[in-house]
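What follows is a short report on a single structure.
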Amino acid sequence: MFNDFGRFVKKYTITSSAITTSAVSFTDTVQGDSLIVEQIIVRTDSTGLAGGTNFVISQSSGKGLANVFVETVANLGANKTVTAGSVTNIPTILDIGSTLKVNNTVAVGTGAGTIDIFVYFRKLSSVSVI
Numbered sequence: 005m006f007n008d009f010g011r012f013v014k015k016y017t018i019t020s021s022a023i024t025t026s027a028v029s030f031t032d033t034v035q036g037d038s039l040i041v042e043q044i045i046v047r048t049d050s051t052g053l054a055g056g057t058n059f060v061i062s063q064s065s066g067k068g069l070a071n072v073f074v075e076t077v078a079n080l081g082a083n084k085t086v087t088a089g090s091v092t093n094i095p096t097i098l099d100i101g102s103t104l105k106v107n108n109t110v111a112v113g114t115g116a117g118t119i120d121i122f123v124y125f126r127k128l129s130s131v132s133v134i
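So this note's numbering is basically just the index in the sequence shown, starting at one, shifted up by 4.
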């Protein structure tokens, strides 16, 4: 049986130079009940990202595939919109206590460019929040 307790979208903005090679949470912690991450869309400003080899969004639940969105930094230059990471972009479930994290592979981000991350969530119960 499927119950739809609602969908919602959250936008997060990160500066290229703040992206390190260690995964750092950019969302709050899931509380109440699990959430489904249905889709992730990213877009860059007029500068875009620089440094790093791959831009990675991962989840911290410890279950399922860790990296849920991976795109090469070279594809995230000025004014780009990506709806499906060329390496990985899969729906996932964030369990209670989990977050989404961001990092680059190989090298840290550089420059003042920004990336907007739009995350489409679906609640598994009426008490699911992030």
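All C-beta atoms, glycine included, are put in the ideal place defined by N, C-alpha and C.
- Taking a C-beta distance under 9 angstroms as the contact criterion, Leu53 and Val77 qualify as a contact pair.
- Closest option to Thr87, judged by alpha-carbon separation, among Gly56, Ile97 and Val74: Val74.
- Between Phe9 and Ser102, the CB-CB gap reaches or exceeds 9 angstroms.
- Segment contact: the stretch 63–71 against the stretch 106–115, fewer than three CB-CB distances shorter than 8 angstroms; contact not assigned.
- Nearest C-alpha to Asp99 among Gln63, Ile45 and Val106: Gln63.
- DSSP, reduced to helix, strand and coil, places Val41 within a strand of the structure shown.
- Ranked by Cα distance from Thr118, the first of Gly55, Lys127, Val72 and Gln43 is Gly55.
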